[in-house]
Amino acid sequence: MVDSATHTLYAHLKSKRDACLRLVEELVRIESYATQTSGVDAVGDFLCGELEAVGYETERVRGERLPLEERWVEELFLPGFDWEQLADHRIARKRGSGTGRVLILGDMDSACPPGALERFPFRVEGPRAYGPGIADMKGGLAVTVHALQALAETSLENLAEVTVVLSADEQAGSFGARTVIETAAREADWVFCMECARNGARLMNSHIQLGVGILDVHGRDAHAGSAFDKGISAIEAMSRKITAIHALTDRDRGIFLNVGTVAGGWRRNVIAGHCRASLDVRAASAADWDAAAAAVGAIAAREDLPGSTADLRLLAYRPALPRTADTDRLLAIARDAGAAFGLEVAAAHSPAAGSSAFCGPLGVPCLDGMGPVGIGTMTLDEHIEVPSLVERAALLAATMHALGCGAWSRGGPGE
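Under the numbering used here, the first residue of the sequence shown carries the number 894, and numbering increases by one thereafter.
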């Protein structure tokens, strides 16, 4: 029965392949960096319209702002932008007569800054489609719509509830979307996140904890010639700290530290009295992240040049998504669903993190990377493998159908 339904879904989606690619193109042609509120709204309106056509009820919601003491991080993500002007998040929900509740996570904003389409327009070359945000994650949004439409159009919907949360600020840290996602996840039995599949078309069954920081180093301004000995170079002190921070990276343990931006001084001929750097801190677990943060703190406190001082602010904003027995169990169901139409499904740990991060602390089984196979995210080579649009839509739809047929209650890995 389940295999028959899977074949029906796959055949239906295969017949819609060109329509799915057109949907991808329409989404890519809408620029939707987080600060482009009208573009993010346009993506939300388009997606909600597609889902409303097959019976979903949709609504706009706003998340909660960060507490005042943490809002320094907003300036780090979107300098000079009024966060009250971010677009609304969207929720689409459809209730049924079956059992089990699925939550699907997608992001409407892209990492591509305004004007990206001029330099990198949408195009299809052979089996690949290119464009800004196509892998991260407009291809995944198209897969979501087509999977849910296929379930409705083939009368194979069999869950008690399907909820789709579309965030408007994932690339800006998900600070507003977090509470929306957490509320929906608490009411779900299983979660699928529509990031692109990567690293050999793999899903993500776990990922790191991610945090950011600002390091300010203070020295003393002085003329670089006549008063050289009176100056304390904050840039020189910062350079020593950067070397030490980067040395904390331990690839084997999944710990990655990076200083992404550095700015200091105000004139060529003046020894810099101040220097600021932004930090990215990633670790495989919360404990490892805390240890890395403590090590960065010790480096910040160290007096690298006599008379220099430093201030450090760090915030872990995406929790780790751990691999659990229930994750393996959900993956086994997805593997069976994919095998029914010839798709091999594998998963791996990822050093990246997105909307699914907020499911980890709640213990809800989650598979990420359910979108199409994507390569080159955030570059001018960003593309998806076009054949994977049908494969991934069929995988999502067939896995959801299997869950509605009782695949979870029949046991498997993790029980």
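Beta carbons are placed, not taken as given, at the ideal position from N, Cα and C, and that holds for glycine. Here the structure is a predicted model, which is why all the values come from computation and not from measurement.
Relative to the alpha-carbon of residue i, which residue among the options has its alpha-carbon at the smallest distance?
i     : options                       : result
A875  : V995, G1104 and T951          : Residue numbering for the chain in the displayed model covers 894 to 1308; residue 875 lies beyond these limits and cannot be assessed.
K1123 : A1137, G1166 and S1249        : G1166
A1295 : V1257, A1137, A1227 and E1278 : A1227
Y903  : G1253, L1282 and S1302        : L1282
P1244 : R1195, C1298 and F1149        : F1149
R1160 : A1137, D1145 and A1117        : A1117
R1169 : A1177, R1206, D1143 and N1162 : R1206
State the beta-bridge partners of residue i as determined by DSSP.
i     : result
R1085 : It is Phe, not Arg, that sits at residue 1085 in the sequence shown. Note: F1085 sits in a beta bridge opposite I997 and L1260.
M1030 : Answer is none; M1030 lacks a bridge partner.
K987  : V1055
A1209 : G1104
G1157 : C1168
T1037 : Looking at the DSSP assignment, T1037 forms no beta bridge with any residue, so it has no partner.
Y1023 : R1016 and H1276
H1139 : Looking at the DSSP assignment, H1139 forms no beta bridge with any residue, so it has no partner.
H1242 : S1099
Below 8 Å between beta carbons: does that hold for residue i and residue j?
i     : j     : result
F1085 : M1263 : yes
M1097 : A1187 : no
L996  : A927  : no
G932  : I923  : yes
G1153 : A1127 : no
H1100 : A1213 : yes
A1230 : A1291 : yes
V1038 : L916  : yes
L1049 : L944  : no
V1110 : G956  : no
A1053 : R983  : no
G1267 : D1029 : yes
E1046 : H900  : no
A1193 : Q1102 : no
Assign residue i to buried or exposed, taking buried as 16 or more other Cβ atoms, counted over all protein chains shown, within 10 Å of its Cβ.
i     : result
S1201 : buried
Q929  : buried
L884  : With the chain represented from 894 up to 1308, any question about residue 884 goes unanswered, as that position is not in the structure.
N1051 : buried
E1284 : buried
E1308 : Residue placement at E1308 cannot be trusted, given a pLDDT of 41 that sits under 50; the coordinates are not used to answer.
G942  : exposed
G1112 : buried
Would you call the region 1012 to 1022 and the region 1271 to 1289 touching, i.e. three or more CB-CB distances under 8 Å? yes
Determine, using beta-carbon pairs with one atom in the region 965 to 980 and one in the region 1051 to 1069, whether at least three such pairs fall under 8 Å. yes
Three or more C-beta pairs closer than 8 Å, one from the region 1054 to 1066 and one from the region 1216 to 1234: is that the case here? no
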